[in-house]
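Numbering (our numbering), first residue to last: 62 to 416. Below: one structure, written as structure tokens.
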């Protein structure tokens, strides 16, 4: 905890603010450990307040031992500003990417002599590199997803709806300890597999169709994210072709990604192979993204990704090809970036499975 707070305080000093107001729920949890649904944190060079309401005082006291727990009465932001004034804060940073204009107007109304400084990335920068504890939790979340994939192979068959498959995946992951899914589960069969975000529908799965399964376990506050595409009965020649292309691209990605390359360079590991096979225009999304407390966080592996990958980041590698009116294929793993390459955290088989 102290290491995280010091990183953020170093950032504050660099940015010229003597206080930082943290209102984003994920960032609040990251620095304090508090999992309640309401509250904010106020940091100075040598103090740390967690401001919440009466419902969470006991919980906050237990979960955030390094913080002074402050109970607000009417307005949480007003309480935060009043405490900032009490600490003598002159320049208060606020999370400009996580606050609405209406909330900003309220802050301005309370601030008076305090200068509000729009800030971004203070906590997110710290979240990029996962601690050993975070890595272990994400590995456990990935293991739950892998077990769920093995389980669902015995459940999927012609006549079952996509929604039934999604429900079974969620129920099974919950039975293994997941709180919920990391995001709305994607089960896209047949021509619907050409929809990169084809959330499960009431469509019935039929013989000869490809089925893309994109899901994850939300476990102890962290996410896993895996995609596998399978065939229910023998697929057509075109679908086998694009499966092979996507598999080659994905394998190249996980075999060569490493610390030191930019997100753009990592993206090229998969994109170039797909483009060389003639399907570049059918691959419209990025190669991957960071995962952690959120299923989509930094860094980004895309053609616009200028940030360098650093050992300890956890990202997805998920190339795909999508043919309108025919179908699509995506294969995705979660990987931890290392100096030498990566550690693959998801272990489900990637060769084409025909069930």
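We treat Cβ as the ideally placed atom computed from N, Cα and C, and that holds for glycine. In this text, all values refer to a predicted model and were calculated from it rather than measured experimentally.
Residue i, buried or exposed, once every other Cβ within 10 Å from all chains shown has been counted against 16
{"i": "residue 169", "result": "exposed"}
{"i": "residue 106", "result": "exposed"}
{"i": "residue 339", "result": "exposed"}
{"i": "residue 125", "result": "buried"}
{"i": "residue 218", "result": "exposed"}
{"i": "residue 216", "result": "exposed"}
{"i": "residue 398", "result": "buried"}
{"i": "residue 318", "result": "buried"}
{"i": "residue 188", "result": "buried"}
{"i": "residue 258", "result": "exposed"}
{"i": "residue 192", "result": "exposed"}
Secondary structure of residue i, DSSP reduced to three states
{"i": "residue 347", "result": "coil"}
{"i": "residue 176", "result": "strand"}
{"i": "residue 240", "result": "coil"}
{"i": "residue 64", "result": "helix"}
{"i": "residue 125", "result": "coil"}
{"i": "residue 104", "result": "strand"}
{"i": "residue 392", "result": "coil"}
{"i": "residue 299", "result": "helix"}
{"i": "residue 370", "result": "coil"}
{"i": "residue 279", "result": "strand"}
{"i": "residue 184", "result": "helix"}
{"i": "residue 383", "result": "strand"}
{"i": "residue 265", "result": "strand"}
{"i": "residue 220", "result": "coil"}
{"i": "residue 259", "result": "coil"}
C-alpha gap between residue i and residue j, whole angstroms
{"i": "residue 359", "j": "residue 99", "result": "24 Å"}
{"i": "residue 252", "j": "residue 293", "result": "13 Å"}
{"i": "residue 148", "j": "residue 161", "result": "25 Å"}
{"i": "residue 166", "j": "residue 142", "result": "13 Å"}
{"i": "residue 176", "j": "residue 157", "result": "14 Å"}
{"i": "residue 90", "j": "residue 298", "result": "49 Å"}
{"i": "residue 68", "j": "residue 151", "result": "21 Å"}
{"i": "residue 204", "j": "residue 280", "result": "11 Å"}
{"i": "residue 361", "j": "residue 350", "result": "5 Å"}
{"i": "residue 206", "j": "residue 234", "result": "7 Å"}
{"i": "residue 240", "j": "residue 182", "result": "27 Å"}
{"i": "residue 302", "j": "residue 410", "result": "18 Å"}
{"i": "residue 122", "j": "residue 108", "result": "16 Å"}
Whole-angstrom C-beta distance between residue j and residue i, which should lie under 8 Å
{"i": "residue 382", "j": "residue 393", "result": "Contact flag wrong, Cβ pair sits at about 13 Å."}
{"i": "residue 283", "j": "residue 354", "result": "6 Å"}
{"i": "residue 305", "j": "residue 288", "result": "At roughly 16 Å, the Cβ-Cβ gap does not stay under 8 Å, so residue 305 and residue 288 are not in contact."}
{"i": "residue 384", "j": "residue 214", "result": "Actually they are not in contact, since the Cβ atoms of residue 384 and residue 214 sit about 24 Å apart, beyond 8 Å."}
{"i": "residue 247", "j": "residue 272", "result": "Residue 247 to residue 272, Cβ: 10 Å. No contact."}
{"i": "residue 153", "j": "residue 82", "result": "6 Å"}
{"i": "residue 111", "j": "residue 131", "result": "7 Å"}
{"i": "residue 265", "j": "residue 396", "result": "Not confirmed; about 35 Å, so no contact."}
Check: residue i C-beta below 8 Å from any heavy atom of the ligand FAD
{"i": "residue 378", "result": "Annotation note on the ligand FAD: not contained in the displayed structure, which lists no ligands."}
- Contained alpha helix (DSSP H) runs [length at least 4] in the stretch 128 to 170, N- to C-terminal order: Taken in chain order, the unbroken stretches of alpha helix (DSSP H) that lie wholly in the stretch 128 to 170 and span 4 residues or more are 137 to 147.
- Task: Please specify which runs of the beta strand (DSSP E), each continuous and at least 3 residues long, are wholly inside the stretch 309 to 361, giving them in chain order.
- Result: The qualifying runs are 349 to 351.
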